[in-house]
Amino acid sequence: MCPPHAVPLPPPLLADLVVALHLAVVIAMATLTVAVPFAWVASRLSKTRGGVPSWVQSPWLRWPHIAVFAYIAVNAALGKLCVLTVLENRLRREAGAQGEEEFSFVGRMLHEILFTEISQTVLDRVYLALFLLTVAMLFLLPPRRPASPRSTRIAQ
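In the numbering used here, the protein residues as written are 20 to 175.
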């Protein structure tokens, strides 16, 4: 429930925000899925053996990445929709939208980018393959252990 002075956002705008968030998550997931193996290969081919950039092994980046991919893979295996897709669809229904032609211009463009004309079976297989790649990278290039609070205090 909104406070008395707050103005709730209309469902069409909320739906556009959800699809924008969904697209941002997809871009982040795709970027990490490419960047981590690329960094691993580059470190193997490097003559200086300088290692990989520190962000590639950040547990704060890698563990959420694997968690989101696990969610995607489980949904794909079970034939379920992503929670963001479900939320967007619900908001569009609340707004009375019958089809994409009733979306805002921005919502329609983001929706077109996010939802392609690829069959769900193909997408599910791609999601599962990318999840397996992400799991393999946990073993080939594991995230660092986060510093314990005790070791941080000792170092100061």
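All C-beta atoms in this analysis are idealised placements derived from N, C-alpha and C, irrespective of residue type, glycine included.
- Taking residue 147 as the centre and dropping the five residues before and after it, the same chain places the C-beta of 92, 95, 96 closer than 8 angstroms to its C-beta, in chain order.
- Across the structure, residue 115 and residue 87 are spaced so that their CA atoms are roughly 31 angstroms apart.
- By the neighbour-count definition (other C-beta atoms within 10 Å, threshold 16), residue 100 is an exposed residue.
- Around the beta carbon of residue 150, 16 or more other beta carbons sit within 10 angstroms, so the residue counts as buried.
- By the neighbour-count criterion, in which a residue is buried when 16 or more other Cβ atoms sit within 10 angstroms of its Cβ, residue 57 is exposed.
- Straight across, the Cα-Cα distance linking residue 145 with residue 39 is about 22 angstroms.
- Per the C-alpha coordinates, the member of 52, 29, 35, 31 positioned closest to residue 133 is 35.
- By a beta-carbon distance limit of 8 angstroms, residue 52 contacts residue 153. Their separation comes to about 6 angstroms.
- Taking the Cα positions, residue 113 is about 27 angstroms away from residue 138.
- If the five residues before and after residue 106 are omitted, its C-beta is found closer than 6 angstroms to the C-beta atoms of 37, all from its own chain and listed in chain order.
- Counting of Cβ neighbours within 10 angstroms places residue 158 among the exposed residues, the total staying below 16.
- Excluding sequence positions up to five before and after residue 162, its CB lies within less than 6 angstroms of the CB of 76, 78, 81, all in the same chain and listed in chain order.
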